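Chains as they are written, first to last, in our numbering: chain C, 233 to 584; chain H, 75 to 557. Cβ coordinates follow ideal geometry from the N, Cα and C atoms, glycine included. This one's a predicted model, so the numbers in the text were calculated from it and none came from an experiment. To start, the structure under review is shown below, and the notes come after it.
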Amino acid sequence: MRTAIGLFVIANMALTLVLAGMVVARKLRRDAREITSAQHRSEFRAALLGSGDGLDRLLRSAARRTDLQSDLARILPLIIEGVDDQAAGKLIGAVRSCGLQADLQRRLASRRPATRGRAALLMGLLGLNDAASLVRPLLADPDPDVRLVAAGALARIGTGEAATALIDALGGDMVPERLIERLGGTWAVPSILARLGSETEGGGVRASLARALGFAGDPSGEAGLLPLLASVDDEERICAARSLGTCGSTACHDALLGALGDPEWEVRAQAALSLGSLGVIRAVPLLESNLAHQAWWVRANAASALAELGPDGLAALTRAAEGDDAYAAERAVEVLAVSRRRRLSADAPGAA
Amino acid sequence: MGVVVGHVVHAFDVFMVGYFVTLLAINTALAVAGWRAIEDYVRRRPMRDYAWVGRSPLTLPVSILAPAYNEGPVIVPAIVALMASQFVNFEVIVVNDGSRDDTLEALHKGFSLLPAGRVPRANLVTKPVRGVYISPDEPRLVVIDKENGGKADALNVGLRYARYPLVCAIDADTLLDPGALSRLVWEFQSSPDTVATGGIVRIINGSTIRDGRVAEVKTSRSLVANVQILEYLRAFLGARVGWSRAGMLIIISGAFGLFRRQAVIDAGGWDTRTVGEDAELVLRLHRTRREQGRECRITFFPDPICWTEAPGDLKTLIRQRDRWQRGLTEMIGRHRAMAANPRYGRIGLVALPYFVIFELFGPVIELLGYGALISSILFGFASLDLIILMMALSISCGFVLSFVAILMEERAFRRYPGWSCLSRLVIAAIVENLGYRQLMTVVRARAWWTIKKSNGWGEMTRTGFTQAPGSDPETGSPAPIST
């Protein structure tokens with residue numbers, strides 16, 4: 233008994249010493265790694281921004297070493313905006329010729345989720361145009377992190393094929409918002425419009441595409457959104473009304489004014505906001521009548537929209553504040569007070 | 075008579091050995107599970123684009139609930155620091171819980187508050203609300219003034235008025251890392267069945283704070299604080315990550331947890347009758363969702379960081395631990411029907427029995443063990459060398475677990491970069507096992523007595539949003555119950 237306990241104590245103490253040694257060794261190793269990582273990133277930066285050479289050599293090493301791939305993935309997002317087209321073309325050429333693309337492609341099939349995800353991430357950061365078809369299968373990966381990183385990579389690749397892959401995934405298991413946020417760029421608008429014109433697309437997907445058009449904010453998106461305002465699907469009308477606020481022109485004003493009378497309160501609420509952000513002065517009477525709507529969000533959004541519409545809107549709010557309808561007055565008073573305080577702040581000496 | 079006593083002592087010794095071996099086995103299993111989870115996290119970290127979560131317009135928005143009680147001097151800078159979060163879409167709901175000082179006036183003055191007509195969006199019974207205010211200067215801020223009802227009641231009022239699908243309950247004297255919310259939200263976005271997730275709470279003592287941010291992380295000059303730093307590391311990186319990995323997490327610190335709003339409402343909100351409302355809520359979420367036959371994924375995430383001030387002296391520390399132990403007792407008492415009940419799966423069959431045996435009764439059993447050892451020596455049933463060996467075994471096991479926690483920290487996070495910090499943690503690991511742990515055992519066992527004295531259930535403790543330097547941090551800190 234004594235011997236067994238004694239041996240256990242000795243083993244524990246030995247293990248403690250080993251662990252202490254591991255802590256020290258780990259610290260020394262990580263300190264050294266941080267120094268070399270900083271050097272690598274500095275070399276990548278110099279090579280990519282044209283003030284250094286040896287890009288081929290660095291990428292050839294990166295094709296064999298995951299630590300260099302990590303350093304490249306860390307530096308790319310920080311400098312990619314400053315890389316001109318010529319340098320970007322040179323980078324992509326070098327990535328292909330030195331075997332890095334082939335290595336990343338191999339890693340995409342790894343059994344380890346982190347390896348697959350990191351390969352997809354780097355492919356996206358490098359903007360490899362032909363990588364969309366390689367990354368696309370990862371949108372159906374069993375690992376949720378890998379699916380998210382694949383969606384991000386496809387958005388960075390930013391080709392029609394990438395947009396199609398993201399749109400196709402809208403009908404799958406991924407949360408739609410994670411795809412919509414990635415589709416919200418002008419690069420994806422032509423593919424979205426083409427898909428919105430398709431008769432076979434389901435209502436949920438069309439609503440998601442409408443939201444993506446809103447985030448893209450591209451005026452060409454308006455043509456795809458207007459028909460959705462007349463859809464029988466509530467969600468499609470809600471999303472279209474919301475998105476027209478960022479990409480609509482005068483052509484959508486009448487449709488949005490019509491949406492203010494929609495039986496679905498969420499459509500009214502979104503239409504009110506959009507009319508405010510588009511500055512549609514003739515919406516004032518309708519917005520004023522919506523100040524008394526039974527849904528709090530409609531009242532709130534109508535009041536916010538009126539505050540955006542200059543003297544006419546403020547006059548309508550003042551009338552509502554002094555009116556008999558307690559609900560309308562409540563919203564109007566709050567928005568007027570905020571608006572007044574903001575104007576005073578803006579007029580104050582020293583205000584920018 | 076002597077023979078009978080000898081048999082009793084021997085039987086108790088056998089029980090203690092069994093208890094000790096089981097506890098050691100569970101702690102080892104948790105440390106192994108924690109290690110594997112952290113290794114996995116470290117491998118995944120480079121592919122997670124947290125910055126995007128902070129920027130995306132479709133990121134799940136968060137309502138931060140900040141209860142305040144008598145926080146007049148510090149409330150405005152605390153809110154300003156919160157507002158500087160890198161997260162894209164959030165609102166801060168400050169609930170003034172009937173403060174007797176100038177908390178509400180300070181908020182009025184600091185943010186030019188205006189009365190607002192907000193409608194509660196959940197039906198929870200709370201103390202009456204006296205007014206709702208918004209700020210024209212800071213549209214993400216909502217201030218609610220209510221009658222005094224305690225921290226849980228204030229959180230429930232915040233929950234009623236919260237607009238967003240996720241709610242983050244933050245505690246007094248806490249500072250969030252700039253990217254902390256993005257990291258927690260990632261968990262909800264990558265796994266939509268997530269109901270709640272907790273982040274790591276770290277101790278701020280010794281670190282440098284600038285403009286409401288932790289500018290430089292250091293260990294403290296105070297040994298008491300350093301021992302707690304190590305204790306938190308072991309509790310969070312070892313035990314809590316391990317429990318989370320095994321799908322059996324039942325504690326999320328009140329200082330920093332993110333919840334799905336509707337799930338909390340469905341479970342009835344925070345319990346106003348307990349001092350451990352944070353842990354109780356998590357257990358109730360498990361319970362109600364399982365009873366409804368719904369998924370209940372509750373996780374712990376080792377990277378999003380919330381900083382809190384730890385008690386710098388033993389007296390305050392003892393009060394704090396006494397309160398935590400009472401909270402644990404109340405939580406288990408309220409949900410005792412779940413223990414050993416197969417209906418609640420792993421939570422009922424493993425996690426809760428563990429907390430009952432090793433966390434609730436553990437301190438008492440340990441004290442009885444020390445008593446038995448002393449009796450054995452006095453009555454000559456055991457030799458001194460055997461007892462010394464047993465003590466050495468217990469202490470050496472503590473060393474191993476402490477050093478595993480330090481290694482995990484160094485492997486994954488390296489928040490304490492200097493060698494001096496590391497050496498202080500090593501010293502703390504030694505001191506913790508040579509007196510501190512035993513003292514905490516006595517304090518936790520004493521909580522059985524203080525519960526009785528305070529007439530058992532339902533004592534209310536007020537907690538503020540943030541604390542002035544030097545004030546009592548007893549009530550504001552998290553509960554690293556499991557070590």
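Name, please, each residue of chain C whose Cβ falls closer than 9 angstroms to the Cβ of residue i.
| i | result |
| --- | --- |
| H/A425 | Simply none; closest approach about 24 angstroms. |
| H/V500 | A252, V255 |
| H/I480 | L251, A252, V255 |
| H/F435 | Residues of chain C passing the Cβ test: none, with the nearest at roughly 24 angstroms. |
Per DSSP, which residues does residue i bridge with? Please list them.
| i | result |
| --- | --- |
| H/D220 | Checking the displayed sequence, the identity of residue 220 of chain H turns out to be Lys instead of Asp. Looking at the DSSP assignment, H/K220 forms a beta bridge with H/D171, H/V203. |
| H/E290 | H/T282 |
| H/G272 | H/G331, H/F374 |
| H/W381 | H/L249, H/R276 |
| H/Q208 | It should be pointed out that residue 208 of chain H corresponds to Ile in this sequence rather than to Gln. In the DSSP output, where bridge partners are listed per residue, H/I208 has H/L188, H/V216. |
| H/F164 | H/V136 |
My guess is that residue i and residue j are in contact by the Cβ rule of under 8 angstroms, so how many angstroms apart are they, rounded?
| i | j | result |
| --- | --- | --- |
| H/Y306 | H/R276 | 6 angstroms |
| C/A487 | C/A448 | So it is not a contact: roughly 19 angstroms between Cβ atoms. |
| H/A519 | H/L391 | Their Cβ separation, rounded to whole angstroms, is 16 angstroms, which puts H/A519 and H/L391 out of contact at 8 angstroms. |
| H/L467 | C/V241 | 5 angstroms |
| C/L476 | C/V516 | Actually they do not touch by this definition, with Cβ atoms about 18 angstroms apart. |
| C/A489 | C/A473 | The residue you asked about is not Ala; residue 489 of chain C is Leu in the sequence shown. Not really, about 11 angstroms apart at Cβ, beyond 8 angstroms. |
| C/G384 | C/G356 | 6 angstroms |
Note the first and the last residue of the continuous alpha helix (DSSP H) segment covering residue i.
| i | result |
| --- | --- |
| C/G480 | Segment: none, C/G480 is in no alpha helix (DSSP H) and carries neither H nor E. |
| H/W317 | 315-319 |
| C/P517 | 516-522 |
| C/M355 | 345-358 |
| H/R410 | Looking at the DSSP string, H/R410 is not in any alpha helix (DSSP H), and its letter there is neither H nor E. |
| C/W529 | 528-540 |
| C/L507 | 497-510 |
| C/I244 | Position check: residue 244 of chain C holds Asn in this sequence, whereas Ile was assumed. Element bounds for C/N244: 234-280. |
| C/E324 | The question names Glu, yet the displayed sequence has Ile at residue 324 of chain C. Looking at the DSSP string, the run of the alpha helix (DSSP H) that includes C/I324 is 317-329. |
| H/F47 | Nothing about residue 47 of chain H can be read from this structure; chain H reaches only from 75 to 557. |
| C/A305 | 298-311 |
| H/F453 | 436-453 |
| H/L304 | 297-307 |
| H/S159 | That residue, H/S159, is in no alpha helix (DSSP H); it is neither H nor E in DSSP. |
| H/Y235 | 225-235 |
| C/P422 | 421-428 |
| H/E354 | 351-365 |
| H/L127 | Note that residue 127 of chain H is Val in the sequence shown, not Leu. Taken as a continuous stretch (DSSP letters only), the alpha helix (DSSP H) holding H/V127 covers 124-129. |
Could you list which residues in chain H have their beta carbon closer than 8 angstroms to that of residue i, in chain order?
| i | result |
| --- | --- |
| C/R573 | S186, L188, P210, D211 |
| C/P376 | S264, S265 |
| C/N244 | L467, S470, C471, F473, V474 |
| C/F276 | Correct list: empty, because the minimum Cβ distance to chain H is about 15 angstroms. |
| C/E566 | L188, P189, A190, G191, I208 |
| C/S302 | P120 |
| C/V407 | Q263, P266 |
| C/R234 | D459, L460, L463 |
| C/E562 | G191 |
How is the beta strand (DSSP E) around residue i delimited, first residue to last?
| i | result |
| --- | --- |
| H/S137 | 136-142 |
| H/A243 | 240-244 |
Along chain C, which residues have their Cβ under 8 angstroms away from the Cβ of residue i?
| i | result |
| --- | --- |
| H/G80 | By Cβ distance, chain C contributes nothing, its closest Cβ being about 16 angstroms from H/G80, past 8 angstroms. |
| H/V121 | For the record, residue 121 of chain H in the displayed sequence is Met; it is not Val. What H/M121 touches in chain C: A346, G349, R350, A352, L353, D377, V378, V381. |
So residue i contacts chain H; which residues on that side make the cut at Cβ distance below 9 angstroms?
| i | result |
| --- | --- |
| C/I237 | L460, L463, M464, A466, L467 |
| C/W419 | Simply none; closest approach about 16 angstroms. |
| C/W497 | Ordered by position in chain H, no residue passes the 9 angstroms Cβ test against C/W497, which lies about 14 angstroms from the chain. |
Could you tell me which chain H residues have their CB closer than 7 angstroms to the CB of residue i, listed as they occur along the chain?
| i | result |
| --- | --- |
| C/L247 | V474 |
| C/K259 | E484, L496 |
| C/V241 | L463, A466, L467, S470 |
| C/A305 | P120 |
So which residues of chain C does residue i contact, with C-beta pairs closer than 7 angstroms?
| i | result |
| --- | --- |
| H/S130 | E413 |
| H/W126 | G384 |
| H/R117 | A346 |
Could you tell me which chain A residues have their CB closer than 7 angstroms to the CB of residue i, listed as they occur along the chain?
| i | result |
| --- | --- |
| C/R410 | The structure shown contains no chain A; its protein chains are C and H. |
Next item on the list: Could I get the ranges of all uninterrupted beta strand (DSSP E) runs contained in the region 373-416 of chain C, with 3 residues as the minimum, in chain order?
Entry: The qualifying runs do not exist here; there are none.
Check: Could you give the uninterrupted runs of the alpha helix (DSSP H) lying entirely in the region 476-525 of chain H, keeping only those of 4 residues or more?
Finding: Runs of the alpha helix (DSSP H) lying entirely within the region 476-525 of chain H and spanning at least 4 residues, in chain order: 493-505.
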